[in-house]
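Chemist:
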Amino acid sequence: MSAADDLSLPIDIQLRCARIEAIKNLLGEHAAGSALLSVVLFLVCRNPVNEVSGLWWLVSQLACLLLYVPCHFVLRRKNSPQSLSLKFWLSYGVVIAVGLSWFAFPFLMLADTDMLMLMVITISICIAPFTTAPTVTLVSFAGFAVYAGLMYLGLVLAVLKHTTIPTVIVTGFMSLLYGFLLLQSYRINARMLGSFRSRIESQLAFAAAEKANREKSTFIASASHDIRQPLQACMFIVDHLYRKAPESLLPIIDNLDQSVGTMRELLDGLLDISRLDAGVLECVPVYVDIRQVISEVVDGFSARASQEEKPLILDVGSYVVYTDPTLLKRILSNLIDNALKYSPVGSPVLVSTRVDGESISITVQDHGVGISDDCQKQIFDEFFQVENSERDHTKGLGLGLAIVRRLTQMLDIDVAVVSSVSVGTAMTLSMRHFQTKSADVAAVERDSVLVDFTGLRVLLIEDQVLVRDSLTQLLESWQCTVLAAESVGSAVDVVTAQGIAIDLIISDYRLREGSTGAQAIAAINDISEYPIQSIVITGESNTDELRDAEAIADILMFKPIEPGELRSAISRLLDA
Numbered sequence: 118m119s120a121a122d123d124l125s126l127p128i129d130i131q132l133r134c135a136r137i138e139a140i141k142n143l144l145g146e147h148a149a150g151s152a153l154l155s156v157v158l159f160l161v162c163r164n165p166v167n168e169v170s171g172l173w174w175l176v177s178q179l180a181c182l183l184l185y186v187p188c189h190f191v192l193r194r195k196n197s198p199q200s201l202s203l204k205f206w207l208s209y210g211v212v213i214a215v216g217l218s219w220f221a222f223p224f225l226m227l228a229d230t231d232m233l234m235l236m237v238i239t240i241s242i243c244i245a246p247f248t249t250a251p252t253v254t255l256v257s258f259a260g261f262a263v264y265a266g267l268m269y270l271g272l273v274l275a276v277l278k279h280t281t282i283p284t285v286i287v288t289g290f291m292s293l294l295y296g297f298l299l300l301q302s303y304r305i306n307a308r309m310l311g312s313f314r315s316r317i318e319s320q321l322a323f324a325a326a327e328k329a330n331r332e333k334s335t336f337i338a339s340a341s342h343d344i345r346q347p348l349q350a351c352m353f354i355v356d357h358l359y360r361k362a363p364e365s366l367l368p369i370i371d372n373l374d375q376s377v378g379t380m381r382e383l384l385d386g387l388l389d390i391s392r393l394d395a396g397v398l399e400c401v402p403v404y405v406d407i408r409q410v411i412s413e414v415v416d417g418f419s420a421r422a423s424q425e426e427k428p429l430i431l432d433v434g435s436y437v438v439y440t441d442p443t444l445l446k447r448i449l450s451n452l453i454d455n456a457l458k459y460s461p462v463g464s465p466v467l468v469s470t471r472v473d474g475e476s477i478s479i480t481v482q483d484h485g486v487g488i489s490d491d492c493q494k495q496i497f498d499e500f501f502q503v504e505n506s507e508r509d510h511t512k513g514l515g516l517g518l519a520i521v522r523r524l525t526q527m528l529d530i531d532v533a534v535v536s537s538v539s540v541g542t543a544m545t546l547s548m549r550h551f552q553t554k555s556a557d558v559a560a561v562e563r564d565s566v567l568v569d570f571t572g573l574r575v576l577l578i579e580d581q582v583l584v585r586d587s588l589t590q591l592l593e594s595w596q597c598t599v600l601a602a603e604s605v606g607s608a609v610d611v612v613t614a615q616g617i618a619i620d621l622i623i624s625d626y627r628l629r630e631g632s633t634g635a636q637a638i639a640a641i642n643d644i645s646e647y648p649i650q651s652i653v654i655t656g657e658s659n660t661d662e663l664r665d666a667e668a669i670a671d672i673l674m675f676k677p678i679e680p681g682e683l684r685s686a687i688s689r690l691l692d693a
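Taking our numbering, I'd label the letters of the sequence shown as residues 118 to 693.
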């Protein structure tokens, strides 16, 4: 990595590196222009008297310009703080050498030139250095002033040999022109250096923002994994308590279940946002029946709506849309969840569809507290909630609509909010591409029917004892035969020792000694006579690790998972 690319260096060092890079890019044009001007002036001013001296000048001028070649190769070398001074002094030396050659030009070529020709050539040469100002001023503005000053001084001395009023006037004019152009070059130099500094400061700010974002993602990934482990065990234990505990303890278990659910909702929201920001989630659009998608989501809320006495009403047509059904379900789940939270008891929540021109809209409407105009601008921000300054977690955590915003952007869905305080809120999703359902449209996905797990031989690989024991109890309650292991090596040993064929592998992703569930599944498949279906359960949000897990697992699940979700996943695998 060059010094110019190392943002850890002081900004002054980076600025010098940027100047060297610009000099390197402009050096060829400057050398070519100077060489062409030298040849043209030699041909124009050549005469029998000055031909020999002029030829010597042209040779010396081209020789000075040839110094740009080794200078160019030195400038191309990798920048380092130690080499910067050498590069600047080399560039400065070449510039001064060329300036001295131009200083000699009037004495060697213009001694016997008539006054009119002298005036034209003088003005031309006076202006010439300022056409190369961007290149030379990058080396040093003082160096440019010397370079241009040498050219100007030689011309002035040549002109003043003709002590006439016109020569004095021309000399005065040249002095004013030189001063004006020198001022302009100073401004060019200041603008270029300011531009370089602004660019470097922008790169530093961008790098700092990227670093902060990486640190945030790393923190969320680590925290979510470490917290999800005990939370996952709690969920399995709560499920076990519901089935085994006496009825007198059910109210306590309900409170425990509600607390665990709140923790899960927070972690799910944080992980979802982390994965969306990291670009891990992929949109996989298919043709799907919008009625079936909405019905499945609403069915998941039916028990809650009945318990809270908030009727869920559907007015949904049957249309096929081209979208990712999983992500669309997540959007609808968040909208319906919000509608139920903010609706008073007895108030219905309406989910409806409507065709409007070339789009279909899905509206979730409640008759709750409503949202003021000021708050409508903030409801899609993380952790923002209307009328929940006391942070009552029964009203949610303020992540649902932030996730909705990101998911709708992925799916290219427009979101519109219409709300009035104390009247209610309508959230409308507009999808641009749809077609009316017909017989030739492929059937949409259906839920897998849960199957009997009796005798299913499951290899469970989990390094956390609490999670491993609780998940073993859950699987055994489903009449599965469970072989439990804590690492890649112990999993191979237990399968080899038992000598039984495995039907399914369930593994945590992160295992002991830096190994992974993907490695464990690969190791078991290596000693198996046939490929074994697998489920990887993870709390990771790191992109590379997620892709590694997805590459080998048949199903990837994110902690914490409900027992019903795990049972449904196993059913889908066995039905496949």
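Glycine residues also receive a C-beta, built at the ideal position from the N, C-alpha and C atoms.
Only a predicted model underlies this, so the values are computations on that prediction, with no experimental measurement involved.
Between Asp620, Leu663, Ala618, Thr613, which has its C-alpha nearest Gly634's C-alpha?
Modeler: Of Asp620, Leu663, Ala618, Thr613, the residue nearest in Cα terms is Leu663.
Chemist: Excluding sequence positions up to five away, which residues of its chain have a Cβ less than 8 Å from the Cβ of Lys446?
Modeler: So the qualifying residues of the chain are Val410, Glu413, Val414.
Chemist: Can you tell me which of the three DSSP states Ala559 falls into?
Modeler: Any reading at Ala559 must be qualified, since the residue scores a pLDDT of 41, below 50, and its modelled position is unreliable; the value itself is stated next. Of the three classes helix, strand and coil, the one that applies to Ala559 here is coil, per DSSP.
Chemist: Could you give the first and the last residue of the continuous alpha helix (DSSP H) run that contains Val535?
Modeler: Premise fails: Val535 lies in the beta strand (DSSP E), 531-537, not in any alpha helix (DSSP H).
Chemist: With a CB to CB cut of under 8 Å and the five nearest residues on each side skipped, what residues in its chain are close to Ser218?
Modeler: Hits under 8 Å: Trp174, Ser177, Gln178, Cys181.
Chemist: Quick check: the stretch 423-440 against the stretch 465-473, are there 3 or more CB pairs under 8 Å?
Modeler: The stretch 423-440, when compared against the stretch 465-473, does touch it at the 8 Å Cβ threshold.
Chemist: Taking the straight line between their C-alpha atoms, what separation do you get for Asn451 and Leu583?
Modeler: Straight-line Cα distance between these residues: approximately 31 Å.
Chemist: Alpha carbon to alpha carbon, how far is Asn306 from Phe159?
Modeler: Distance between the alpha carbons of Asn306 and Phe159: 31 Å.
Chemist: For a cutoff of 8 Å on Cβ pairs, would you count Ser376 as touching chain D?
Modeler: Looking for chain D here will not work: only one protein chain is present.
Chemist: Starting from the Cα of Asp781, find the closest Cα among Tyr404, His357, Gln349, Ser419 and give me that residue.
Modeler: No information on residue 781 is available, as it lies outside the stretch 118 to 693 that the chain covers here.
Chemist: How about Ile654 and Ile622: are their beta carbons less than 8 Å apart?
Modeler: It is not a contact, given that the beta carbons lie outside the stated cut-off.
Chemist: Within this structure, are the beta carbons of Gly99 and Tyr264 separated by less than 8 Å?
Modeler: For residue 99 there is no data in the structure shown, the boundaries of the chain being 118 and 693.
Chemist: Could you tell me the boundaries of the beta strand (DSSP E) in which Ala543 lies?
Modeler: First-last of the beta strand (DSSP E) with Ala543: 541-548.
Chemist: Helix, strand or coil for Asp671, going by three-state DSSP, please let me know.
Modeler: Here Asp671 sits in coil by DSSP.
Chemist: Could you say which of Pro165, Asp483, Leu518, Gln590 lies nearest to Ser537 if we only look at CA atoms?
Modeler: Nearest C-alpha to Ser537: Asp483.
Chemist: Where Leu449 and Pro368 are concerned, what is the direct C-alpha to C-alpha distance, given to the nearest angstrom?
Modeler: Using only the alpha carbons, I get a separation of about 31 Å.
Chemist: Quick one: grab the DSSP three-state call for Arg471.
Modeler: The answer is strand: DSSP assigns Arg471 an E or B state.
Chemist: Please report the Cβ distance between Arg629 and Ser604, rounded to the nearest whole angstrom; I am assuming they are in contact, meaning their Cβ atoms lie under 8 Å.
Modeler: Right, their Cβ atoms sit about 5 Å apart.
Chemist: With 16 as the cutoff for other CB atoms within 10 Å, does Phe61 come out buried or exposed?
Modeler: What the structure shows of the chain is the stretch from 118 to 693, and residue 61 is not part of that stretch, so it cannot be assessed.
Chemist: With a threshold of 6 Å on Cβ separation, who are the neighbours of Ile672 within its own chain once the five nearest residues in sequence on each side are excluded?
Modeler: Once the five neighbours on either side are set aside, the close Cβ partners of Ile672 are Ile652, Ala686.
Chemist: DSSP three-state call for Tyr459: helix, strand or coil?
Modeler: Of the three classes helix, strand and coil, the one that applies to Tyr459 here is coil, per DSSP.
Chemist: Assuming Cys400 contacts Leu528 under a Cβ cut-off of 8 Å, what Cβ separation, rounded to an integer in Å, is found between them?
Modeler: 6 Å between Cβ atoms; contact.
Chemist: Between the Cα of Asp371 and those of Val437, Arg381, Leu358, spot the shortest distance and give me the residue it belongs to.
Modeler: For the residues Val437, Arg381, Leu358, the minimum Cα distance to Asp371 belongs to Leu358.
Chemist: Go ahead and pull the three-state DSSP assignment for Thr571.
Modeler: The answer is coil: DSSP assigns Thr571 none of H, G, I, E or B.
Chemist: At the level of alpha carbons, what is the spacing between Ser587 and Arg360?
Modeler: Looking at the two C-alpha atoms, the distance is approximately 13 Å.
Chemist: Please classify Asp569 as buried or exposed, where buried requires at least 16 neighbouring CB atoms within 10 angstroms.
Modeler: Classification of Asp569: exposed, given that the 10 Å Cβ count is below 16.
Chemist: Can you name the start and end residues of the alpha helix (DSSP H) that Gln636 belongs to?
Modeler: From DSSP, the alpha helix (DSSP H) with Gln636 extends over 634-644.
Chemist: Report yes if the C-beta distance between Ser170 and Leu225 is below 8 Å; otherwise report no.
Modeler: Yes, the pair counts as a contact, with Cβ atoms nearer than the cut-off.
Chemist: Residue range of the alpha helix (DSSP H) that Gln590 falls in?
Modeler: Run containing Gln590: 582-594, per the alpha helix (DSSP H) assignment.
Chemist: Can you check whether the CB of Pro677 is closer than 8 Å to the CB of Arg381?
Modeler: A contact, by the Cβ cut-off of 8 Å.
Chemist: Is the CB-CB distance between Ala578 and Ala608 below 8 Å?
Modeler: Position check: residue 578 holds Ile in this sequence, whereas Ala was assumed. Yes, they are a contact pair.
Chemist: When DSSP labels each residue in this structure, what does Asp441 get in the three-state scheme?
Modeler: In this structure, Asp441 counts as coil in the three-state DSSP scheme.
Chemist: List the endpoints of the continuous beta strand (DSSP E) containing Ile652.
Modeler: From DSSP, the beta strand (DSSP E) with Ile652 extends over 650-655.
Chemist: I need the straight-line Cα distance from Gly572 to Thr598, nearest angstrom please.
Modeler: Rounded to the nearest angstrom, the two C-alpha atoms are 6 Å apart.
Chemist: How would you call Ala456, buried or exposed, if buried means at least 16 neighbouring beta carbons within 10 angstroms?
Modeler: Result: buried.
Chemist: Which of the three DSSP states is assigned to Ala307 in this structure?
Modeler: Here Ala307 sits in helix by DSSP.
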